[in-house]
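Here the structure comes first, spelled out in structure tokens, and everything after it is commentary.
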Amino acid sequence: MSNKFLVILEQRNGYIKKSSLEAASVSVKIANQLNAGVQAIVLGDKVENFDLIPLTGISEVTFYYNKELSEYSSSAYTSLITKHITDNNFSEIFISNTALGKDLAPRLAAKLDCGLVMDCTTLEIVDNTIIATRPIFAGKMLMKQKLTSAVKVYNLRPNAFGIIEKEPSVVNIDKVEVADVCLSTKTVEVKKNEGKLDVAEADIIVSGGRGMKGPENFNLIENLANELNAAVGASRAVVDAGWRPHAEQVGQTGKTVSPNLYIAVGISGAIQHVAGMRSSKYIVAINKDKDAPIFQIADYGIVADAFEVLPSIIEEVKKIKQ
Amino acid sequence: MKIVVCVSHVPDTASKINIAGDGKSYDKNGLTFVLNPYDEFAIEEALKTKEKFGGEVILLSLGDSLFTESLRKGLAMGADSAILLKSNIYQDSLSVAKALANEIKNIGAEIVFVGKQSVDFDNQVMGQMLAELLSYNSVTVAVSLTIEGNKIISEREIEGGKEVVETSLPVVISAQKGLNEPRYPNLKGIMAAKKKTIEEKDAVVFDNYSEFLGLVRPTSKSAGKLVDSPAELVRLLREEAKVI
């Protein structure tokens, strides 16, 4: 029996997320190597961007719809998706490591009584078997693992794989109305952090540390972040000091991020901070201590006082944006 | 009301991690182990819940005898008793979750608290797995919790905001930083903890569904170039790195 892959797509406000398209693209690539079929599933009320699916190489999508599925409900999503997997004999399940994917993947593994790898950053095929690599200790070490159960769940880190665009093909969308939604756990409201990008999703992050001297000076970090359309991040020291909210904390007890560009300002580079951002594609360090460990992992560094260089950097960025 | 808190004993976040001689596990020699940071929020919330509604806070761990150190800390914070399911072998998350769930069933807990993840293997799965195995409701990555009778209202952190989740007892809550300010054990608590019992028994071992192939050190980034001026930095980011 050939393997059947299922990729679980996530919509927020009716739009399938980029990280889900990435997961779809990865699952198609692996499926081609293993001669497996791939289908996708999405739950929601409506989906506005089905037109992006063909680029991933996916040609069959099941859309379970009901008003009550527009927001995430662990009870509803777990029961519907578990049933869909067992009814259709899917063997490999792929889902992105977003807030939703992190919540859902372990539930599926427990319900299906099967193996799971969380937060994979690479998947390779050796002897027709998927070998997954995932960071542990917030990236200080990588762990290689293979799953031995009949059904296998792979949870994939966003931005670690990229999207391989395919020649658009026809996509068949099977719309299934859900009559009863199990809402023993229900999202009654979504509170947005107004106007703020989240470090977990941003392409660029500007982070500040103790070198910023006080919460009042973070306007410099915020201004640069605004110019670059970036998220504001923070070190543990400044979060513990109450200068910044914990949602911005990057590091081993905060968020692990891998943006295209990470600008660390006044951050010395403690091991627990570096663990959370070392996989960023480009790292810029600005610190007046030339011996700060952050320079050892930076692609570009400026040894200077943040208060002196940040205003000029903001001006230079403004210039090139004109 | 019986409240269970699952706790883990992990290397301090300042630790440098090295690969052990077998090439598979990490070298525990010379590392300082601590109560998993997120579990402190879980214990604090359990204690606050007990203070409000009465009941009993029971700590539960699966691991080797060194785990008693973290259990003792939790007892010093104010938990009533602790159970250590002893295991010295590699068990994957679901296998651990099944052993813990079995014990939680025996205890008959109405609320289970866990830290949102342990900072060693970073799986962030235990709360969800326990909830499904026990058929309890659950909220993960919780930053607030209100209990009104049978009803639970909890905010969980998501990208760029929070979901406000409504559910009911019995429930598993996985604690995120921000849920509360964990108390420090005071002298009285530390003295009292010495008299509290840590019950030790062998863990029931369930099958692993994964094979651990080994550890690899991430490729280290070599230090890049120092740049003299802001203008040069911005030019490099634009023209060389092409990231802005």
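Keeping their order, the protein sequence lines are chains R and Y. When the letters of the first sequence are read in order and numbered with our numbering, they come out as residues 1 to 322. When the letters of the second sequence are read in order and numbered with our numbering, they come out as residues 323 to 566. Note that beta-carbon positions come from the ideal geometry of N, C-alpha and C, so glycine has one too.
Is there a C-beta anywhere in chain Y that falls below 8 Å from the one on residue i?
i	result
G211/R	no
E189/R	yes
K288/R	no
C114/R	yes
S312/R	yes
F50/R	no
M277/R	no
G139/R	yes
N66/R	no
K83/R	no
N219/R	no
V250/R	no
Does the beta-carbon distance from residue i to residue j come in below 8 Å?
i	j	result
R236/R	G139/R	no
M399/Y	I365/Y	yes
N97/R	L142/R	no
I387/Y	S330/Y	For the sequence presented, residue 387/Y should be read as Ser rather than Ile. Not in contact: S387/Y and S330/Y (Cβ atoms no closer than 8 Å).
V486/Y	I475/Y	yes
V330/R	Y77/R	Residue numbering for chain R in the displayed model covers 1 to 322; residue 330/R lies beyond these limits and cannot be assessed.
T56/R	Q39/R	no
I325/Y	K372/Y	yes
D305/R	K288/R	yes
E479/Y	A231/R	no
L452/Y	A423/Y	yes
N35/R	S2/R	yes
G500/Y	K191/R	no
K420/Y	L381/Y	no
E425/Y	I405/Y	yes
K146/R	I136/R	no
I320/R	V556/Y	yes
Taking residue i as the reference, give the member of the options with the closest Cα.
i	options	result
I16/R	A36/R, S59/R, A292/R, V47/R	V47/R
A150/R	G44/R, N89/R, L52/R	N89/R
V260/R	V42/R, G251/R, N229/R	According to the sequence provided, residue 260/R is Asn. The question's Val does not apply to it. The shortest C-alpha separation from N260/R is found at N229/R.
A341/Y	H331/Y, L353/Y, K516/Y	Reading the sequence as shown, one finds Ile at residue 341/Y and not Ala. Checking every option, the nearest Cα to that of I341/Y belongs to L353/Y.
A298/R	N226/R, A200/R, S280/R	S280/R
E22/R	L9/R, A31/R, N13/R, D51/R	L9/R
P158/R	T256/R, G37/R, T86/R, H246/R	T256/R
N223/R	K146/R, K175/R, S312/R	S312/R
E378/Y	G345/Y, A423/Y, V327/Y, L452/Y	V327/Y
P540/Y	T187/R, T121/R, K319/R, P106/R	T121/R
Q252/R	Y262/R, V238/R, S258/R, V274/R	V274/R
L537/Y	I339/Y, S490/Y, G376/Y, K346/Y	K346/Y
K144/R	F218/R, S27/R, I125/R	I125/R
F389/Y	I380/Y, Y412/Y, N358/Y	N358/Y
I58/R	I163/R, E308/R, I81/R, R134/R	I163/R
S258/R	W243/R, Y282/R, Q272/R	Y282/R
M82/R	A109/R, I204/R, V250/R	The amino acid at residue 82/R is misidentified as Met; the sequence shows Thr. Comparing Cα positions, the closest option is A109/R.
Is there a Cβ from chain R that is less than 8 Å from the Cβ of residue i?
i	result
G511/Y	no
P492/Y	no
S330/Y	no
F363/Y	no
R560/Y	yes
Q413/Y	no
D444/Y	yes
A419/Y	yes
L537/Y	yes
Buried or exposed: which applies to residue i, given that a residue is buried once 16 or more other Cβ atoms fall within 10 Å of its Cβ?
i	result
I173/R	exposed
D198/R	buried
Y72/R	buried
V170/R	exposed
S326/R	As displayed, chain R neither begins before 1 nor continues past 322, which places residue 326/R out of reach and without an answer.
E165/R	exposed
M513/Y	exposed
A336/Y	exposed
P245/R	exposed
Y262/R	buried
S496/Y	buried
L6/R	buried
A241/R	exposed
L310/R	buried
Have a look at the DSSP bridge pairing and note the partners of residue i.
i	result
V436/Y	C328/Y, S496/Y
S207/R	G233/R, A264/R
C120/R	L156/R
G115/R	K152/R
T96/R	According to the sequence provided, residue 96/R is Ser. The question's Thr does not apply to it. DSSP lists L156/R as partners of S96/R.
P259/R	Its beta-bridge partners do not exist; DSSP assigns none.
Y300/R	V284/R, K547/Y
N147/R	In the sequence as displayed, the identity of residue 147/R is Leu instead of Asn. L147/R pairs with S532/Y.
Output yes if chain A places a C-beta closer than 8 Å to the C-beta of residue i; else output no.
i	result
P540/Y	The displayed structure is made up of protein chains R and Y, and chain A is not among them.
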